[in-house]
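**Student:**
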Amino acid sequence: MSKNKNTITQTFPVLGMSCAACASGAENIVKQTQGIVSASVNFATGNLTVEYFPSATSIAEIKKAVQKGGYDLLIQNEEEQQQTLEALHEEKLKKLKFKSFWAIILSLPVVIIGMFFMDMPYGNEISWLFATPVLFWLGKDFFVNAWKQAQHRTANMDTLVTLSTGIAYLFSVVMMIFAEHLHKIGIHPHVYFEAASVIIAFILLGRYLEEKAKGNTSTAIKKLMGLQPKTVVVLHENTEKITPIEAVNTGDIILVKPGEKIAVDGIVTQGNSFVDESMLSGEPVPVQKKEGEKVYAGTINQKGSFQFQAVKVGKETLLAHIIKTVQDAQGSKAPVQKLADKIAAVFVPTVLSIAVLTFVLWVVLGAENQWVQGLISAVTVLIIACPCALGLATPTAIMVGVGKGAENGILIKDAESLETANKINAVILDKTGTITQGKPEVTDVLWLNNDSSAESILLSMEKQSEHPLAEAVALRLHSVTTVEISDFESITGKGAKAIFNDKMYFVGNQKLLLENHINIDAKLLEKAKEWAHQAQTVIWFADSEKALSVLAISDKIKENSVQAIQELQQMGIELYMLTGDNEATAKAIAQQTGIEHYQAEVLPQDKADFVKKLQSQGKVVAMVGDGINDSTALATADVSVAMGKGSDIAMDVAKMTLISSDLTKIPQAIRLSKHTVAAVRQNLFWAFIYNLIGIPIAAGVLYPINGFLLNPMLAGAAMALSSVSVVGNSLRLKKSKL
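Going by our numbering, the sequence shown opens with residue 1, and the numbers climb by one from there.
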């Protein structure tokens, strides 16, 4: 979704990238295209997210720009795109497996000759014979991609591989051809065919393992997509018709049999059953569904059969929304990634400079065979350097973390909120629908002088109100006939007023009555205080002169709210409850749940102001709410969390959504953030350390101290394993306990 109404934001897979430097190069190419507002390429997901002005450019123009840079964009609809990507991924894995296998097979005799039979007759020629197909057949893509980059005056990982293996190969060919002449002048013509071929073999194997591991990071998306059935049974004039899911329309009546997956969101119209909603909510216990209950796409019907009316289809379903959100979040960049991106952008040119410097220093300062040793050390520098580990460090951990959250009913919208949740030290909780069930019921009503003749006016006013408490009152008075009222006006945080027969009536809290100088009978007031002390919400109904009635509304505390609050307090997090309810009810709920800090009779804007107040004290604030009245505070907070059963606006604004509306998911989300951030830091640490230690050793920094020079083959193995180890460390998140 675009921030600017005049722009469009879209995501497309980028084809042809081989390392983090490629992602940085592709990103810069798009950024420089006319009409682009922002562009971001994620190497781990292989996606470009671009915001652009359609009046100034088009996807076709962006695609052309990317192609000029040596890459390509996959432009298809979502379903075709997914199928194409899966096919490309499988094809790539198959090719890499084939190339890795044969590169290793062909390199073995070269290694054996180079290590143990260096002086055997025709040994160099046999090594050359086996090494050549490894480089120019199995490793052809490295050279082709490097040439494409060179044509555009850029460099990437393929450039390093091509230069290192190409130089080693050409050097060895020269040594082999002029071996006899070199012997005459006292130089031993040592060849490095084994290094060139083994490096290609190791890097191909590393890329195969890396590609396979990267595929595992997106299993959460694949699981969610697998929840969507291909066909459904639509009832039309009492006849069953098997219909493709794409052809289902809003209003269709769908039959669901035992064991079947529910295809779209809807409302049960006939029958009842228990439905497994675990993949959406993370809750293992099946939920009973009766007439009038909501059902969601992707959930599984258990024993009974029922019919439901389709309410949301296609991209509008909750499951489709979850899949899109998870995809966007996995493709987004965490703030910590910015440093890695900057380094990756200059990494290859820096390594090339270090390799040249290494060669020069060896020639100037080296002793015997300084030209040969300088060349081999420069080649080793080119081989061991790995920007891929840096590029994969953050996004792979984010992908797994977001997927882990989705599997546990925690829907995370972007990488930034997942990273920030780790720092939360203050949590603000709304009361109704957050701590409590959000299903208020009228438990008691007291009318002045037992005169309930104005019930129809009260019902008519509450039917026009959008407040959840109004719904509870309307449900209590459902048998009463409504009347025609006029000038209805909702008063934020207080209630509402309307006119009937030229007389003003009010419904809301006590503050509304006091502000309008309405007289309150002592008996009504005493009863109201009694109910408030019992943690019940009190609603007043009055005309312009006196209070006519007082109603008690109860909203039960959720089963897991107390446990969640205790867990958060044990984590050292300060808790605050803000509610528009009266002081006595707020105090009672706070005491029952163990919350020390609370504020009652709070207006929506006051909630946002309270968030800012805590932020000004240096606190990292999470706001948890479910209603329209919480949306401003949610937008203001550092991390915003919405209840999945709350309003659409709250879920749109929030950066995290708890699908089951279970508060214990908040400490789980914080623990997930801590595990993910720890994995990111570990990945970045090892990626930096690997290069900081590996490159100087490859250059020969230890040679003056202990005579150690790194074998180019070992450098190739280390480079290949560095990326795999980073992805493997990220995958450990899947097993972490929340």
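All residues carry an ideal CB built from backbone N, CA and C; glycine is no exception.
Helix, strand or coil for MET118? Go by DSSP, reduced to three states.
**Tutor:** Looking at MET118 - three-state DSSP - the assignment turns out to be coil, as it is neither helix nor strand.
**Student:** Based on the DSSP output, what are the partners of TYR576 in its beta bridges?
**Tutor:** Answer is ILE428 and HIS597.
**Student:** If we ignore side chains and look at the alpha-carbon of each, how far apart do VAL621 and ARG671 end up?
**Tutor:** Going by the C-alpha atoms only, they are around 16 Å apart.
**Student:** Within a Cβ cutoff of 6 Å, which residues of the same chain sit near ILE300, ignoring the five residues on either side of it in sequence?
**Tutor:** Only LYS261 and ASP276 meet the Cβ criterion.
**Student:** Do you know offhand how far PHE12's Cα is from ALA679's?
**Tutor:** So the alpha carbons of these two residues sit roughly 27 Å apart.
**Student:** Check the DSSP bridge columns for VAL562 and list the partner residues they point to.
**Tutor:** In the DSSP output, where bridge partners are listed per residue, VAL562 has none listed.
**Student:** Going by the beta-carbon positions, is the gap between ALA268 and LYS303 smaller than 9 Å?
**Tutor:** Sequence inspection shows Val at residue 268; the Ala mentioned does not correspond to that position. Cβ distance not < 9 Å, so VAL268 and LYS303 don't count as in contact.
**Student:** Exposed or buried, which one is ASP451 when buried takes at least 16 other CB atoms within 10 Å?
**Tutor:** The residue in question, ASP451, is exposed, as its Cβ has fewer than 16 Cβ neighbours within 10 Å.
**Student:** Here's the rule: buried if 16 or more other CB atoms are within 10 angstroms of the residue's CB, otherwise exposed. What is LEU205?
**Tutor:** Buried, by the Cβ-count rule.
**Student:** Output the boundary residues of the alpha helix (DSSP H) element that contains GLU515.
**Tutor:** Unbroken alpha helix (DSSP H) run through GLU515: 510-515.
**Student:** To the nearest angstrom, report how far apart LYS68 and PHE143 are at their CA atoms.
**Tutor:** Between LYS68 and PHE143, the C-alpha separation is close to 18 Å.
**Student:** Between which two residues does the beta strand (DSSP E) harbouring ASN47 extend?
**Tutor:** Here the beta strand (DSSP E) through ASN47 covers 47-52.
**Student:** When the Cα atoms are used, what is the spatial distance from GLY271 to SER305?
**Tutor:** Their backbone Cα atoms lie some 6 Å apart in a straight line.
**Student:** In this structure, how does DSSP classify PHE142 when only helix, strand and coil are distinguished?
**Tutor:** Correct three-state label for PHE142: helix.
**Student:** Can you grab the Cα-Cα spacing for the pair SER465 / GLU293, in whole Å?
**Tutor:** Using only the alpha carbons, I get a separation of about 23 Å.
**Student:** With respect to the beta strand (DSSP E) encompassing MET175, which residues constitute its N-terminal and C-terminal limits?
**Tutor:** From DSSP, MET175 is part of no beta strand (DSSP E) but of the alpha helix (DSSP H) over 157-177.
**Student:** Do ALA532 and GLU583 come within 9 Å of each other at the CB atom, strictly closer than that value?
**Tutor:** Yes. Within cutoff.
**Student:** Check whether the region 521-532 touches the region 555-569, taking contact to mean three or more Cβ pairs, one atom from each stretch, closer than 8 Å.
**Tutor:** Segments in contact, no.
**Student:** So, using beta-carbon positions, are GLY266 and ALA310 closer together than 9 Å?
**Tutor:** In this structure, ALA310 lies closer than 9 Å to GLY266 by Cβ.
**Student:** Considering Cα atoms alone, identify which of THR159, ILE112, THR165 and PHE116 is closest to PRO133.
**Tutor:** The shortest C-alpha separation from PRO133 is found at THR165.
**Student:** Less than 9 Å between the beta carbons of GLU61 and THR9, yes or no?
**Tutor:** No, they are not a contact pair.
**Student:** According to DSSP, which residues form a beta bridge with PRO13?
**Tutor:** Looking at the DSSP assignment, PRO13 forms a beta bridge with ASN47.
**Student:** With respect to the beta strand (DSSP E) encompassing TRP371, which residues constitute its N-terminal and C-terminal limits?
**Tutor:** Counting along the chain, TRP371 falls outside any beta strand (DSSP E), though it belongs to the alpha helix (DSSP H) covering 370-384.
**Student:** Measure the C-alpha to C-alpha separation of ALA87 and GLN570 and round it to an integer number of angstroms.
**Tutor:** Whole-angstrom Cα-Cα distance: 48 Å.
**Student:** Distance check for GLY409 and ASP662, CA to CA, integer angstroms please.
**Tutor:** Computed Cα separation, rounded: 9 Å.
**Student:** Along the beta strand (DSSP E) that carries LYS312, what are the first and last residues, could you check?
**Tutor:** Where LYS312 is concerned, the enclosing beta strand (DSSP E) stretches over 306-312.
**Student:** Which residues bound the beta strand (DSSP E) around ILE412?
**Tutor:** Taken as a continuous stretch (DSSP letters only), the beta strand (DSSP E) holding ILE412 covers 410-412.
**Student:** Between which two residues does the beta strand (DSSP E) containing ASP630 stretch?
**Tutor:** ASP630 -> no beta strand (DSSP E), and no H or E assigned at all.
**Student:** Please work out which residues of its chain come closer than 6 Å, Cβ to Cβ, to LYS97, disregarding the five sequence neighbours upstream and downstream, and give them in chain order.
**Tutor:** Excluding residues within five positions, the ones whose Cβ falls inside 6 Å are TYR208.
**Student:** Round the Cβ separation of ILE435 and MET623 to the nearest angstrom and send it over; I've been treating them as touching at under 8 Å.
**Tutor:** With 8 Å as the limit, ILE435 and MET623 do not qualify as a contact, their Cβ atoms being about 13 Å apart.
**Student:** Bridge partners of THR154, per DSSP?
**Tutor:** Bridge partners of THR154: none, in fact.
**Student:** Pick helix, strand or coil for GLN76, following the three-state DSSP scheme.
**Tutor:** Note: GLN76 maps to coil in three-state DSSP.
**Student:** Spatial neighbours of SER18 within its chain, please: C-beta separation below 7 Å, excluding the five flanking residues on both sides.
**Tutor:** For SER18, where only same-chain residues beyond five positions count, the Cβ hits under 7 Å are ASN145, ASN156, MET157 and ASP158.
**Student:** What's the C-alpha gap between ASN514 and ASP487?
**Tutor:** Correcting the residue identity first, residue 514 is Leu in this sequence and not Asn. Looking at the two C-alpha atoms, the distance is approximately 21 Å.
**Student:** May I ask you to list the residues that DSSP assigns as paired with SER40?
**Tutor:** DSSP lists THR49 as partners of SER40.
**Student:** Could you round the C-beta distance between ALA600 and THR632 to whole angstroms and report it? I think they count as a contact, below 8 Å.
**Tutor:** Contact doesn't hold; Cβ gap of about 18 Å is too wide.
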